[in-house]
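This report concerns only the one structure given below.
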Amino acid sequence: MRASLWLAGCFLLLTLGNVAHALDATRHIGQFHHTSWTVKEGAPGQITALAQTRDGYLWLATQIGLFRFDGVQFERFDPPDSNAFPATSISALYAPESGGLWIGFRYGAVSFLEGDRLTHYGEAQGLPTSTVFRFAQDQGGTLWAATFTGLVRLKNNRWERLGAEWRFPGKQARTVFVDRAGTLWVATERGVAFLRKGAAAFESVAAPVGRISQIAQAPDGGIWIAESDGAVRQLPLDGGHPATQALAHPSAGLLFDHDGALWATTLGEGLYRLQYPTPVNDAALNAQGSAFEAFRRIDGLSSDYVQPVLEDREGNLWIGSSRGLDRFRHSNVVPALLPDGAQDFAIVPGDADTLLTGSRNNPLMRLQGHRLSFLELAPPITAAHRDKDGVIWLGGPNGLWKLQGGRLTEITALPIDKYSGVQAIAKGRDGALWVSLNTPGVWRLSEDRWQHFQDLEGMPEGSSPLTLLCASDGTLWMGFARNRISRMKEGAIHELASAQGLAVGNVTALVEGSNGIWIGGERGLASFANGRLRSMHAAEESPFRGITGIVETRKGDVWLNGARGIVHVPSAQLAHLFDESGRGPAYERFDFLDGVPGIPAQFRPIPTAVETGDGKLWFATTGGLVSIDPASIRRNAISPPVRIRSVVADGHAHAVGADLLQLPAGIRNLQIAYTALSLSIPERVRFRYRLEGHDESWQDAGTRRAAFYSDPGPGTYVFRMMAANNDGVWNEVGDSLTLTIAPLYYQTTWFRVLCVLLVLSSVWIAYLLRLRHLAQQIRLRLQERYGERERIARELHDTLLQGTQGLILRLHATSQRLREEDPVRQDLEKAMDLAERALADGRDRVRGLRGDVPYWHDLGSALLHVRDEVHVQSLPDMRLSVEGKPRPLLPGVAEELYLIGREAVLNALHHARATTVEIELGYHPRELRLRIRDDGVGMPEQAPSRPGHWGLDGMYERAERIGGHLDILSGVGAWTDVDLRLPAAAAYPRRRRSRWSAFRRWALRRS
C-alpha cells in the first residue's frame, strides 16, 4: 500500500510538472530570491553534479559521497555494507523521467538507484575502468555515458563500446547531450561530433573547441558549449562565428531555463546569466560578456568556484559550488536595485509607472521598471506627498520642493531656524499645504506665508502629528502618538482617542479609502466610516501590528505594510477585519521568506506603502525597497510529494522501506520523521498526520516534520501523512506506513484471559470459603446445641428419669401389699402403667437428645414410620425412593430434616385425603434433597397456621436455620409438593482426607 501511494504521489508531481514557473526573464539576477547553504548549514562542499529524481529529492554528488536534500535537511546516502558504492568520489548524476538515479564514479563504475534497490555496473558488465563524466538518454530510451576512454551505451543491461562502424572521432568522451530533435552530441578530445536520430554513424563539427565540459541547446535551436579552458559560447555549425554574446570565462556548466535565459557557472568568477542570448552587432561582440549579469560571492553566492547548475520542476535554479549549494527562486516580492547603503526611503508615486524615492544619503531617485535615475535634489528627503492634481511635494531639513511636469522647484525654507526633518505633508482642498515638523503643533503654508497651529482645543499638548491626511470632504486628519487623532474642519477640531474606541497606539498611517478612512498604528488597524469608529484588537504576534503603510487598490483590496510583513486582505474579507466574533479575515502575508528585507520604518519617513500608476505596490523597509504586482502574483500549483523518512523507537532507528514495520515490545517513545519535497519555500510547507488506531482525527503539525507518541501500546497502527506547499496546495494522497508493536507478556490476550480466569477463580474460591465459613458457623451452632442437648439429657436422666423410676418402684412395692381385688391396687397399677409409658417416652427423648435416634442414620425409614403415629381408618400408600449412597447427617441437621419431613408427612396423612405419598431422598455430592409429594386435595392459596402449632411457618424457619432452601408448591384441589434443598457442607459431617489418599484415588481413576 505504501509503495502504491508513493507512486501515485510521484505521478501527480509529473502530471503537474508542466505548470511550474521559471524565473522571470525580465528581472535582473539580483532580483531573484537567493539562498545559500554552506558547510556551516550542513551542506557538503565540492559539489560536482546535481539531479532531481521523480520523488522530488535533490541529489548532490561530491568527492566524498552522495547526498540528498529535501529543502530543509541534507542527508548523506549510505547504502548498507553488503551493497556499498564501488567508490566515494562521484562525478556524474542523471535522473531519467522513468524514475531512479544513475550515478557515475571517478575511475570507472556506475550504479543505478531505484527506491531501495541499488544495482552496480563495472568492468564485468562491459563498463570501462575510467571516469564517467556525464549521462544522456536519447529519444529511443538508450542510455549513453561519456567516459574518459570513450562513449558507451547500455544495451540489454550491459555496457558496450562503439565499434569502428560508428565512426566515433576520438578516444575520449568528455560530455554527451541529446537535443530536442533527438540528435546526440558528444565532445571529444578532437572536437564535437553528433549522431542524428536514427543514424548509425557520427558526423564531426568543423569548428575549433577547447575542453568542453557541457553542451546545451538554446530556445532558438542553437547549440552552446561550456569550455573549462575557454568560454561559454554558441557552437558555430556553419564554419563562421555566431552573432551571439559569449562569456570569456572558463566554465563547467550551463543551462537554458524554461524562459530561455542562459545560466553559466565559472571556475572562479561566480555565476552569470544572459537574459536573451540573441544575435548582437559586431560592436557588442567586441565587448564579450557585457550583456551577462554577474552574481558573485560578494553578492551572497556561497563560492565563486561553481560547477553544476540545475532547474527543478518548480522552476528553481540550483547551483553547486566548492563551498556549498545555492538556490535562485521566483519571489512575488521584487527588490529594487538601489545604490548600496541607501537608507530611510520617502516614497511617492510619480507619473505613470514611475516611483520617486528620497533617502537619507542619496539624491532623489526615480525608478521606472528596472531603470534607476537620479534627480538634482540633494538628500536628505524625509517626506513626500502627491496631491490630487498629480503635483509631488517633497520635504527635508533644507526646505520644501515641488515636482510638476518634470520640473523640480524649490518652494520655501522651513519656518524654524533649528534643524528639523519634515514628518508629513498634505495639501488641503483650498490649496494650502499642511506640514508637520519636529515642533509641537502643525504648520500651514498658504501664499508663501506660514501659520502655526499649536495647543488648540482638541489637539494633544506639546505634540506634532506623525501623519497627515486631507480628506475629500475637506477635513484635515492629524495622527499623533499615544493613540490620538485630531480632525480639523472649518476651524473646529474633534478628537478621537481611547474614549471613542481608538486602539491603535501611535497613529502612523492615515489613508482615505472608498468607504471611509483607514487608520494604522503600532498596535493594530482601525476604520472610520459614517461617523463610526471600529478598531481591530490585534494580538501581540498578529501581522496587523506596526502598520505604517496602507494602500487600497482599485479592486478594493487592502495592503498593509506592518512590522511582521506585508499583509494582503482581499476586498471580500474586509468585512471580517472588525468581526467581534473573533473569526478574523482570510489574508496572505509576505515576509522575509518572500524577500521582504527588514521592517517598515515606525517613525519617519512614512507612509511606507504606495501604488504607482501601473498598479504595482511599493513598500519601504529598513532594509530596502520592494514591489509587488498584484496582477502578476504567481502561485505554486504543484502539490509536494511526501515521504515517511524514518522511525525511531526508544532511540533505535528502524528502516521504513517495507509496507509493514514490526517494532519490539515495550515501546515508550515513538518518533516518526517525514518530509515533503517542495523545494521553493520548504519553510512554509505544512503537514497533517494521523496514527490510525491511536489518533481520533488528523493532527495539524504546522511546519514540524516529525510526529511524537508516548507509550502507544501494542497493536497494529497505520501512520498516514499529507502535506501542502507554500501556497496551500495539498497532496491528499500522502504516504502511509503500517506499524506493528509487539506486546509485552502482560499485554497479550492469553495473559488477559489468564487474569480474568484468575479473578473468577479468586471470586469462586472466596465464595467457597464463604460457604465453608457459613457451614462452620452452622456446625458450631449445631455442636453447641448438641452439647446443650447432652447436658439436658444428662440432667433428665439423673433427675426426672431416675425419680420417675424410683416412683414406679415405690408404687409397685405399695401395690404388692394390697389385695388384687382391691380397687386401689388397680388404680396404682394404672398409674404405674402411665408412669412406665412416660418413663419410656422420657428415655426416647433422652436418646434423641444424645443423638441415638433412628433418623440420624436412616432418615427415609424414620419418615416412613411416621405413618404408625396416625390412627385413622384409611391410610394412603407411602413410597420411599433414595438417590445416591446414604450418608450420615450432622446431628442437629438430621433432627431438623426429620421434623420438617414429619410435619409434611403428617399434613399429607391428616389433611390431604391423598391416595399416594411419595418420599424422595437424594444424597448428592453438592447437596442433600428431601422431597415429599402427595396427590391429595392440595392447600388453599393462603394456608394460615393454627394457633399453637408451628405449621408451615415452622417448616420455613427450620429450613432457614440449617441453611437450606424450602419450596412448597400446591395445586389447589390437585397436589402438594414440599421440596427442601440443603448444601452438602451444611448437611454432611466434614471428611478429613490426606492429600496422598486424594492423589491415589485420582491416579486410580486415571489408570
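One gets my numbering by counting positions in the sequence shown from 1 and adding 2 to each. C-beta atoms are modelled at their ideal positions from N, C-alpha and C, and glycine is treated no differently.
Own chain partners of residue i with C-beta closer than 7 Å, once the 5 adjacent residues on each side are dropped
i     : result
R960  : E898, L901, I902
R637  : D729
R213  : R176, E229, S230, D231
R963  : E898
D450  : T414
L377  : P365, L366, R368, L410
T1045 : Because the chain here runs from 3 to 1009, residue 1045 falls outside it and cannot be looked at.
E162  : G128, V154, R155
R889  : Y925, Y990
D702  : R690
Residue range of the alpha helix (DSSP H) that includes residue i
i    : result
A896 : 893 to 912
A986 : 986 to 989
Q818 : 804 to 818
Q216 : That residue, Q216, is in no alpha helix (DSSP H); its beta strand (DSSP E) goes 214 to 219.
L186 : First-last for L186: 186 to 190, but that is the beta strand (DSSP E), not the alpha helix (DSSP H).
6 Å CB neighbourhood of residue i in its chain, flanking five on each side removed
i    : result
S474 : none
P341 : N364
L186 : D140, V180, L197
A505 : S537
I394 : V350, R388, L405
G975 : V939, G940
L287 : With a pLDDT of 42 at L287, under the threshold of 50, the modelled position of this residue cannot be trusted, and the question is left open.
Same chain, Cβ closer than 8 Å to residue i, neighbours up to 5 away in sequence not counted
i    : result
A910 : P878, A916, V919, I934, D936, G938, T978
G695 : G717, T718, Y719, V720
A986 : H926, P927, R928, E929, L930
Delimiting residues of the beta strand (DSSP E) encompassing residue i
i     : result
Y719  : 717 to 726
I349  : 348 to 351
W39   : 35 to 40
A611  : 611 to 613
S488  : 486 to 491
D936  : 929 to 936
F753  : Where F753 is concerned, there is no enclosing beta strand (DSSP E), although the alpha helix (DSSP H) it sits in stretches over 751 to 797.
E1093 : With the chain covering 3 to 1009 only, the question about residue 1093 has no answer from this structure.
M957  : First-last for M957: 953 to 963, but that is the alpha helix (DSSP H), not the beta strand (DSSP E).
Option nearest residue i by Cα separation, candidates the options
i    : options                : result
L882 : R889, L866, G894, V761 : L866
D261 : E271, L276, H251, T267 : L276
Q807 : V826, G736, R845       : R845
Q219 : W265, A89, L891        : W265
G184 : E162, N334, A138       : A138
F710 : M538, Y676, N733, V735 : Y676
I810 : A840, E792, F482, D432 : A840
L784 : Y990, F455, A976, A660 : Y990
P252 : P244, G371, L269       : L269
F791 : Q804, G894, A86        : Correcting the residue identity first, residue 791 is Arg in this sequence and not Phe. Among Q804, G894, A86, the Cα nearest to that of R791 belongs to G894.
S422 : L379, E459, S466       : S466
S438 : G407, G398, E459, G392 : G398
Y123 : V134, A111, T131, I300 : A111
L892 : H913, L861, R904       : L861
S682 : H30, V74, F107         : V74
I552 : A540, H578, G515, D581 : G515
Would the region 559 to 570 and the region 589 to 604 be scored as touching if the rule is three or more Cβ pairs under 8 Å?
-> yes
Could you pull out every unbroken beta strand (DSSP E) segment of at least 3 residues lying fully inside the region 49 to 83, listed in chain order?
-> 49 to 54, 60 to 64, 67 to 71, 76 to 79
Given 8 Å, three or more beta-carbon pairs between the region 731 to 750 and the region 665 to 683 = yes
Cβ contact (3+ pairs, closer than 8 Å) linking the region 567 to 574 and the region 305 to 312 = no
Three CB pairs or more closer than 8 Å across the region 146 to 154 and the region 164 to 176 | yes
For the region 605 to 615 and the region 345 to 360, state whether three or more C-beta atom pairs, one from each stretch, are separated by less than 8 Å.
-> yes
Inspect the CB distances between the region 44 to 59 and the region 99 to 107 and report whether three or more fall short of 8 Å.
-> yes
Contact the region 385 to 404 vs the region 427 to 445: 3+ CB pairs below 8 Å = yes
Cβ pair count under 8 Å reaching 3, the region 631 to 651 against the region 720 to 728 = yes
Ranges of the beta strand (DSSP E) found wholly within the region 384 to 408, counting only runs of at least 3 | 385 to 388, 394 to 398, 401 to 406
Take every Cβ of the region 453 to 469, pair it with every Cβ of the region 376 to 396, and state whether three or more of those distances are shorter than 8 Å.
-> no
Specify whether the region 648 to 665 and the region 623 to 633 touch according to this definition: at least 3 beta carbon pairs, one from each stretch, less than 8 Å apart.
-> no
Where are the alpha helix (DSSP H) runs, 4 residues long or more, that stay fully inside the region 223 to 275, in chain order?
-> none
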